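The numbers in our numbering rise by one with no breaks, and the one at position 10 of the sequence shown is 204. Cβ coordinates follow ideal geometry from the N, Cα and C atoms, glycine included. Keep in mind it's a predicted model, so treat the numbers as computed, not measured.
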Amino acid sequence: MSSLTDYETDLIDKYSDINEKNYQTNILSMIRLWKIKKNSHYDYLVGNEALNWKRLALQILNNINIKEKLLIEIYQWLSIPEIYSGMSEFEFRYLMGYEKYNSYLSYFYGVLIERSILCCVERENYKKRISNGKSTVNVLNVSYEHIYGYSFLHLYEEYCKKSSVSNKKHYEHDDENFTYYCFKKRIEDSEPAKLASDTKKGTIFLQELMISEEKRLALSNNKVKYSKIY
């Protein structure tokens with residue numbers, strides 16, 4: 195259980211009657227009504243503005259007593275590799291609310307798409323170097339320099355200095371903050387044409403990844419159903 199304010203406790207109590215039919219609505223409604231103070235640190239808020247709503251959802255779930263079977267179903271929903279987690283954009287935006295929805299879009303583009311850009315460029319550089327018989331040891335730095343104009347080490351040290359983060363301790367939230375820092379730097383420094391090209395490249399890469407993951411999950415679920423029959 196995490197430490198909660200009285201408001202958060204009351205909010206969770208209000209929506210804690212969760213079942214198979216209403217868990218999506220209740221969880222997103224709690225996120226919509228969840229109060230986020232300016233200039234406060236939250237591990238679900240990247241760069242103090244981009245909402246990782248699934249991390250917040252997990253924190254909320256940690257404070258609700260839910261039967262294991264239903265909890266597994268909720269975790270499966272949270273793991274759906276889609277921008278709106280299997281819902282329509284309208285329904286998702288309506289349940290989450292305008293403010294939280296926009297904050298989530300900042301996370302989607304600033305972290306998920308940004309990571310996809312890097313993965314895509316890394317893959318391209320690996321292929322080029324292998325086909326040319328060159329070493330792939332320095333591909334990460336080459337990819338960062340291609341996207342941002344600086345090496346990974348330069349950007350990370352710059353981020354740690356500006357954010358007062360120790361480069362000796364690194365957690366998932368720090369990684370997201372660093373990615374978001376790189377995203378904002380790319381927005382500021384890139385020419386419009388390159389900015390659009392890189393963003394499109396990352397979007398296509400993420401879409402392909404999501405489709406592949408959906409197929410994998412569907413195959414996995416079919417295997418589970420088959421095993422239950424026999």
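Item: Backbone secondary structure at leucine 198 - three-state DSSP; Value: coil
Item: Same chain, Cβ closer than 7 Å to arginine 249, five either side skipped, listed in chain order; Value: Asp237 and Tyr238
Item: Residues that alanine 244 bridges to, as DSSP identifies them; Value: Val240
Item: Complete alpha helix (DSSP H) runs within the stretch 282-369 (minimum length 4 residues, chain order); Value: 283-290, 292-301, 308-325, 333-342 and 346-357
Item: Under 7 Å between C-beta atoms of lysine 332 and valine 240; Value: Just to set this straight, residue 332 is asparagine in the shown sequence, not lysine. No; because the gap between Cβ atoms is not below 7 Å, this pair is not in contact.
Item: Through-space distance from methionine 290 to leucine 299, alpha-carbon basis; Value: 12 Å
Item: 6 Å CB neighbourhood of leucine 198 in its chain, flanking five on each side removed; Value: none
Item: Within 7 Å, strictly: CB atoms of valine 305 and tyrosine 353; Value: no
Item: Valine 359 versus arginine 226: straight-line alpha-carbon distance, rounded; Value: 30 Å
Item: Where proline 275 falls: helix, strand or coil (DSSP); Value: coil
Item: beta-carbon phenylalanine 399 near the ligand PLP non-hydrogen atom, thresh 6 Å; Value: The ligand PLP is not among the ligands present in this structure, which contains no ligands whatsoever.
Item: N- and C-terminal bounds of the alpha helix (DSSP H) containing isoleucine 221; Value: 217-227
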